[in-house]
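In my numbering, the protein residues as written are 1373 to 1608.
Reviewing the structure listed below.
Following this line, the structure appears as structure tokens:
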């Protein structure tokens, strides 16, 4: 049975851009991603690493390559969980068919020659762990996408609705999130005490995360990732 990928056209498009890079550049990237001393913990770290390696006119290709690696690593992970006999070479076959349909023999040959290097990158421990971290972070039915607090000033009228006797400051938190792939919005009315409790909870959570990270790195001697933050402490 022929293996198919729903986003095969997009993967092929990404590879068209990636193949602008020379064999030497791609080999160097593969070597760097298979370096055991790598400090790449998050998607932001991976993107920054690739862009640093591809300085100059090819720097923007770092983002394309990062996207391709994460998508293919996720594809491999998803399929292997259902079929232990799955091989990454099946992805090669799908993309090869996409290129053959364009009747560009030079592109097909270049892709086939480059595939071992691309496979070495997408199957590297660095990419595998970054993809797995992303999956574990968002393995929830509800995923936050945005949050904001809107401050309104509302007038309070007298019984005849002619005179404004006072004003009321109303705080509303708007939370955008995905539920089972569907975008939803939740609005919550907050008073000043709610804001203070919310601020306190956020500060405590951030403090606990930093303390837990320091303890694990010191005692267990393993790298710890705070989702949404790169390994240098910068927000993604």
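Just so it is clear, CB atoms sit at the ideal spot from N, CA and C, and this is done for glycine as well.
These numbers come from a predicted model, not from an experiment.
Original post:
For residue 1559, which option in 1474, 1446, 1547 has the closest C-alpha, if you only look at C-alpha atoms?
Top reply: Taking the chain shown and counting its residues from 1, one reaches residue 1559 at position 187. Taking the Cα of residue 1559 as reference, the smallest distance to any Cα among 1474, 1446, 1547 is reached at 1547.
Original post:
Are residue 1471 and residue 1462 close, meaning C-beta to C-beta below 8 angstroms?
Top reply: Numbered from its first residue, the chain shown carries residue 1471 at position 99. Numbered from its first residue, the chain shown carries residue 1462 at position 90. No, Cβ-Cβ distance for residue 1471 and residue 1462 is not below 8 angstroms.
**OP:** Report the option in 1582, 1441, 1566, 1519 whose CA atom is closest to the CA atom of residue 1383.
**Re:** If you number the chain shown from 1, residue 1383 lands on position 11. It is 1441.
Original post:
Rounded to a whole number of angstroms, what is the C-alpha to C-alpha distance between residue 1577 and residue 1587?
Top reply: Within the chain shown, the letter at position 205 stands for residue 1577. Within the chain shown, the letter at position 215 stands for residue 1587. If you take the alpha carbons of residue 1577 and residue 1587, they lie about 15 angstroms apart.
Original post:
For the candidate residues 1493, 1411, 1419, whose alpha-carbon lies nearest to that of residue 1400?
Top reply: The sequence position of residue 1400 within the chain shown is 28, counting from 1. Closest in alpha carbon position to residue 1400, among 1493, 1411, 1419, is 1493.
**OP:** Return the chain-ordered ranges of every beta strand (DSSP E) run that is complete within the stretch 1539-1606 and spans a minimum of 3 residues.
**Re:** Within the stretch 1539-1606, the complete beta strand (DSSP E) runs of at least 3 residues are 1554-1562.
Original post:
Between the Cα of residue 1460 and the Cα atoms of 1500, 1426, 1481, 1528, which residue gives the shortest distance?
Top reply: Reading the chain shown from its first residue, position 88 is the one you call residue 1460. Distances from the alpha-carbon of residue 1460 to those of 1500, 1426, 1481, 1528 put 1500 closest.
Original post:
If you pair each beta-carbon of the stretch 1524-1535 with each one of the stretch 1482-1498, do three or more pairs fall below 8 angstroms?
Top reply: Touching, no, given that fewer than three Cβ pairs across the two stretches are closer than 8 angstroms.
Original post:
Out of curiosity, what's the CA-to-CA distance linking residue 1450 and residue 1509?
Top reply: Counted from its first residue, the chain shown places residue 1450 at position 78. Counted from its first residue, the chain shown places residue 1509 at position 137. Computed Cα separation, rounded: 16 angstroms.
Original post:
What are the complete alpha helix (DSSP H) segments, minimum 4 residues, inside the stretch 1377-1445?
Top reply: Whole alpha helix (DSSP H) segments, 4+ residues: 1380-1390, 1395-1405, 1415-1425.
Original post:
Skipping 5 residues on each side, what residues in its chain have a beta carbon closer than 8 angstroms to that of residue 1468?
Top reply: Numbered from 1 along the chain shown, position 96 holds the residue referred to as residue 1468. These residues qualify, in order along the chain: 1480, 1483, 1484.
Original post:
If you count every other CB in all the chains shown that lies within 10 Å of the CB of residue 1592, and 16 or more means buried, which is it?
Top reply: Position 220 of the chain shown, counted from the first residue, corresponds to residue 1592. By the neighbour-count rule (16 or more Cβ atoms within 10 Å), residue 1592 is not buried but exposed.
Original post:
Who are the Cβ neighbours of residue 1597 in its own chain at under 7 angstroms, not counting the five residues just before and after it?
Top reply: Along the chain shown, one-based indexing puts residue 1597 at 225. Correct list, in chain order: 1413, 1414, 1505.
Original post:
From residue 1424 to residue 1496, what distance separates their C-alpha atoms?
Top reply: Working through the chain shown from its first residue, we reach residue 1424 at position 52. Working through the chain shown from its first residue, we reach residue 1496 at position 124. Going by the C-alpha atoms only, they are around 18 angstroms apart.
Original post:
Looking at residue 1389 and residue 1445, is the spacing between their C-beta atoms short of 8 angstroms?
Top reply: The count along the chain shown starts at 1 and reaches residue 1445 at position 73. The count along the chain shown starts at 1 and reaches residue 1389 at position 17. At least 8 angstroms separates the beta-carbon of residue 1445 from that of residue 1389.
Original post:
For residue 1381, which residues from the same chain have a beta carbon less than 7 angstroms from its beta carbon, with the 5 sequence-adjacent residues on both sides left out?
Top reply: Numbered from 1 along the chain shown, position 9 holds the residue referred to as residue 1381. So the qualifying residues of the chain are 1470.
Original post:
Are the beta-carbon atoms of residue 1433 and residue 1393 separated by less than 8 angstroms?
Top reply: Locating residue 1433 in the chain shown gives position 61, counting from the first residue. Locating residue 1393 in the chain shown gives position 21, counting from the first residue. For the pair residue 1433 and residue 1393, the CB atoms are nearer than the 8 angstroms cut-off.
Original post:
In chain order, what residues of the same chain have a beta carbon less than 8 angstroms from the beta carbon of residue 1535, not counting five sequence neighbours either side?
Top reply: On the chain shown, residue 1535 is found 163 positions in, with the first residue counted as 1. Contacts found: 1529.
**OP:** Please go through the same chain and pick out, in chain order, the residues whose beta-carbon is closer than 6 angstroms to the beta-carbon of residue 1421, but skip the five residues on each side of it.
**Re:** Within the chain shown, residue 1421 is the residue found at index 49, counting from 1. These residues qualify, in order along the chain: 1412.
Original post:
What are the boundary residues of the beta strand (DSSP E) that residue 1520 is part of?
Top reply: As a working note, residue 1520 is residue 148 in the chain shown. Looking at the DSSP string, the run of the beta strand (DSSP E) that includes residue 1520 is 1514-1529.
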